[in-house]
Amino acid sequence: MRVDLVTRNDTALEWFVGAGLWLLGALVRGFGRLLWWLMCRPLWAFGVLLLVVPTVTGTWLQVLYVVNGVAAFLVAWELTLPDSYSRFFAQPLRRWRRVRRVYRRNWETAMVMSGMAKPGVEGTIVPQLLGVDCGRWADYVEVGMLMGQSLTDYERACPALATSFGALDCRVRADRPGILWLDLRHGDPLAKTIPARPIPDEADLGSVPVGVRDDGKPWVLQLLGTHLFIAGVTGSGKGSILWSLLRGIAPAIQDGTVRVWALDPKGGMELAFGRPMFTRFAAESSEAMVRLLEDAVAVMDDRAQRMAGITRLHVPTADEPMILLVVDELASLTAYEPDRKLRDRATAALSALLTKGRAVAVVVVAAAQDPRKEVVTFRSLFPTKVALRLDTPSQVDMVLGEGMHAMGAACDRIPTSLPGVGYVTVDDLREPQRVRACWVTDEQIVSASRSHSAPVEQLIGVCELAIEVRDEAA
Ligand SMILES: Nc1ncnc2c1ncn2[C@@H]1O[C@H](COP(=O)(O)OP(=O)(O)OP(=O)(O)O)[C@@H](O)[C@H]1O
Ligand SMILES: [Mg+2]
87 MRVDLVTRND
97 TALEWFVGAG
107 LWLLGALVRG
117 FGRLLWWLMC
127 RPLWAFGVLL
137 LVVPTVTGTW
147 LQVLYVVNGV
157 AAFLVAWELT
167 LPDSYSRFFA
177 QPLRRWRRVR
187 RVYRRNWETA
197 MVMSGMAKPG
207 VEGTIVPQLL
217 GVDCGRWADY
227 VEVGMLMGQS
237 LTDYERACPA
247 LATSFGALDC
257 RVRADRPGIL
267 WLDLRHGDPL
277 AKTIPARPIP
287 DEADLGSVPV
297 GVRDDGKPWV
307 LQLLGTHLFI
317 AGVTGSGKGS
327 ILWSLLRGIA
337 PAIQDGTVRV
347 WALDPKGGME
357 LAFGRPMFTR
367 FAAESSEAMV
377 RLLEDAVAVM
387 DDRAQRMAGI
397 TRLHVPTADE
407 PMILLVVDEL
417 ASLTAYEPDR
427 KLRDRATAAL
437 SALLTKGRAV
447 AVVVVAAAQD
457 PRKEVVTFRS
467 LFPTKVALRL
477 DTPSQVDMVL
487 GEGMHAMGAA
497 CDRIPTSLPG
507 VGYVTVDDLR
517 EPQRVRACWV
527 TDEQIVSASR
537 SHSAPVEQLI
547 GVCELAIEVR
557 DEAA
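The following block contains the structure:
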């Protein structure tokens, strides 16, 4: 009987001890998990500390002072030194939040759903999230590709990746073998009209600023040693590029280093505003426009003969200036001109200028609404191209080069509300760069043409030509 009692007590004790230990273990585990959870969420941890410490120590008032002090310091910092506030506080905080909330949390699901994860021997293999950089307008995510994947796989998945991470669009950038960057844009630095830049004191023909890139850098165009083709549907903003360019080189026009010969087949609608800046201007008669092109060929041939063996790239001077041919609607001369002879002469002159003019500083800048092969036959002879809003992805590839639409040049998706926005290829990047041209108002054009007109002796030539053409027509 006694033995039975002891046995029962021992069993109850063991049960209680066991249950106690289990409870203690569960509590320690739970507390540990809570601590870890808080450590992963420093803002929560800070909040908990704010509640616990003053309650335990009875220092509520002091804590209130500290909190107010920190808040006042941050506000003063942002107001007085916004750049350093953004660089050292706002951006790291944003980065930290986005890395945790958007990328780490959703990475696996996004990769699986967009088809970038692959089945492996031991389950699904997911591309590696190597790092995240957060800019003001975009996040840059470094990705370690899986074996057997290529950049093209990610380029194809871009729309899905953009949706998965709540971005406006996604572009792929190559890094080193096996590594790429996803540029996920969540804001648009080009959404607002960019006002025209002031006319510089000195023109740099190798780098004329005409707008802004979506990475915040200035968008510059080279004139020396190249030809420029601007394609975009009507109202896409071709005029703003032409005028930004002309204003950017205005000092060189004024001192005679650049002579602009302008052709406006639309009867002067685009270029007539700036007539005093042009050494020669033809707008109404196709004959006058074609003659102007042929005269440029003559200048080019003469210069090429004289400079053969002396230089490979002529640097313009006032005596031997750059002849800059600006053609507002190229197709009007080469495709839509009803007179076949004139059309053929225009095509022949332009082909010659585009193949031989570059080295002797006879440069063509041409705009066209329709870049198709049957309309602009010599598209590929322009080394520098800008694609604004276009109708179809194939037109984008026609202007910028095969595969550029897939690489992110979504000209067919530029809304009509963003004239002047387009894509270009730039030297330092394999991928197309999104840009927006500065907007030059009519008043700014008129005032530039007054303050930076071509030298008078050149303008006399314009009048002579006009009289000559008129007399011939009569
Ligand atoms: N860079 C720009 N920023 C803001 N608005 C612009 C810009 N460029 C053009 N716009 C707006 O879009 C309108 C049409 O622009 P623009 O005349 O330059 O187009 P376009 O491509 O030359 O058209 P078209 O082929 O019919 O001549 C302008 O009147 C202006 O209101
Ligand atoms: Mg125009």
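With the numbering used here applied, the sequence shown covers 87 to 560.
The beta-carbon is built from N, C-alpha and C at its ideal position, and this holds for glycine as well.
Residue i Cβ short of 7 angstroms to ligand 4 heavy atom set
{"i": "Asp-414", "result": "You won't find ligand 4 in this model; what it holds is ligand 1 and ligand 2."}
Cβ-Cβ distance between residue i and residue j below 8 angstroms
{"i": "Leu-332", "j": "Met-363", "result": "yes"}
{"i": "Ala-534", "j": "Ala-336", "result": "yes"}
{"i": "Ala-561", "j": "Asp-169", "result": "Because the chain here runs from 87 to 560, residue 561 falls outside it and cannot be looked at."}
{"i": "Met-386", "j": "Val-462", "result": "no"}
{"i": "Phe-464", "j": "Leu-486", "result": "no"}
{"i": "Ser-326", "j": "Ala-523", "result": "yes"}
{"i": "Tyr-240", "j": "Val-218", "result": "no"}
{"i": "Ala-338", "j": "Ala-289", "result": "yes"}
{"i": "Met-231", "j": "Pro-205", "result": "no"}
{"i": "Glu-373", "j": "Leu-428", "result": "yes"}
{"i": "Gly-497", "j": "Arg-516", "result": "Residue 497 is actually Cys in this sequence, not Gly. Result no, Cβ atoms of Cys-497 and Arg-516 do not sit closer than 8 angstroms."}
Option in the options with minimal Cα separation from residue i
{"i": "Met-375", "options": "Gln-340, Thr-433, Val-188, Arg-283", "result": "Thr-433"}
{"i": "Lys-352", "options": "Phe-315, Arg-398, Ser-418", "result": "Ser-418"}
{"i": "Leu-233", "options": "Trp-130, Leu-150, Arg-283, Met-202", "result": "One point to set straight first is that residue 233 is Met, not Leu, in the sequence displayed. Ranking the options by Cα distance to Met-233, first place goes to Met-202."}
{"i": "Gly-311", "options": "Ser-172, Gly-443, Arg-191, Trp-146", "result": "Gly-443"}
{"i": "His-272", "options": "Asp-498, Phe-251, Val-152", "result": "Phe-251"}
{"i": "Val-446", "options": "Arg-431, Ser-466, Val-153, Ile-396", "result": "Ile-396"}
{"i": "Ala-277", "options": "Pro-501, Phe-367, Asp-341, Pro-518", "result": "Pro-501"}
{"i": "Gln-340", "options": "Gly-118, Ser-537, Gln-148", "result": "Ser-537"}
{"i": "Ala-358", "options": "Glu-529, Asp-477, Glu-288", "result": "Glu-529"}
{"i": "Met-408", "options": "Arg-522, Arg-516, Val-450, Pro-479", "result": "Val-450"}
{"i": "His-313", "options": "Glu-460, Ala-98, Lys-471", "result": "Lys-471"}
{"i": "Arg-173", "options": "Trp-130, Gly-221, Gly-133", "result": "Gly-221"}
{"i": "Leu-266", "options": "Val-156, Gln-235, Asp-425, Thr-97", "result": "Gln-235"}
{"i": "Leu-467", "options": "Arg-389, Arg-431, Ala-390, Ile-316", "result": "Ile-316"}
{"i": "Asp-255", "options": "Ser-539, Met-493, Leu-113", "result": "Met-493"}
{"i": "Pro-304", "options": "Glu-288, Arg-283, Leu-291", "result": "Arg-283"}
{"i": "Ser-539", "options": "Ala-243, Thr-97, Gly-342, Leu-109", "result": "Gly-342"}
{"i": "Arg-520", "options": "Trp-146, Thr-511, Leu-216", "result": "Thr-511"}
Residue i, DSSP secondary structure in three states
{"i": "Gln-308", "result": "coil"}
{"i": "Pro-140", "result": "helix"}
{"i": "Thr-397", "result": "coil"}
{"i": "Pro-295", "result": "strand"}
{"i": "Val-188", "result": "helix"}
{"i": "Gln-214", "result": "strand"}
{"i": "Cys-244", "result": "helix"}
{"i": "Glu-228", "result": "strand"}
{"i": "Cys-549", "result": "Reliability of the predicted coordinates at Cys-549 is poor, the pLDDT of 47 falling under 50, and the value obtained from them is presented with this limitation in mind. Note: Cys-549 maps to helix in three-state DSSP."}
{"i": "Val-512", "result": "coil"}
{"i": "Ala-369", "result": "coil"}
{"i": "Arg-132", "result": "Correcting the residue identity first, residue 132 is Phe in this sequence and not Arg. Note: Phe-132 maps to helix in three-state DSSP."}
{"i": "Met-197", "result": "helix"}
{"i": "Arg-283", "result": "coil"}
Practice task
Taking 8 angstroms as the threshold, find out whether the stretch 257-273 comes into contact with the stretch 504-512 through three or more Cβ pairs.
Solution key: no
Handout entry: Validate contact between the stretch 411-423 and the stretch 341-349 using beta carbons, cut 8 angstroms, 3 pairs
Key = yes
Practice task
Tell me, please, whether the stretch 451-461 touches the stretch 400-409 by the rule of three or more beta-carbon pairs shorter than 8 angstroms.
Solution key: Below 8 angstroms, too few C-beta pairs join the stretch 451-461 and the stretch 400-409 to call them touching: fewer than three.
Practice task
Count the C-beta pairs between the stretch 315-323 and the stretch 370-390 that are closer than 8 angstroms, then say yes if the count reaches three, no if not.
Solution key: Cβ pair count under 8 angstroms is below three, so no.
Handout entry: Meets three-Cβ-pair contact criterion under 8 angstroms: the stretch 211-228 and the stretch 181-190
Key = Counting Cβ pairs under 8 angstroms, three or more are found: they touch.
Exercise for the section: Determine, using beta-carbon pairs with one atom in the stretch 293-307 and one in the stretch 435-447, whether at least three such pairs fall under 8 angstroms. Expected result: no
Exercise for the section: For the stretch 243-256 and the stretch 191-202, state whether three or more C-beta atom pairs, one from each stretch, are separated by less than 8 angstroms. Expected result: yes
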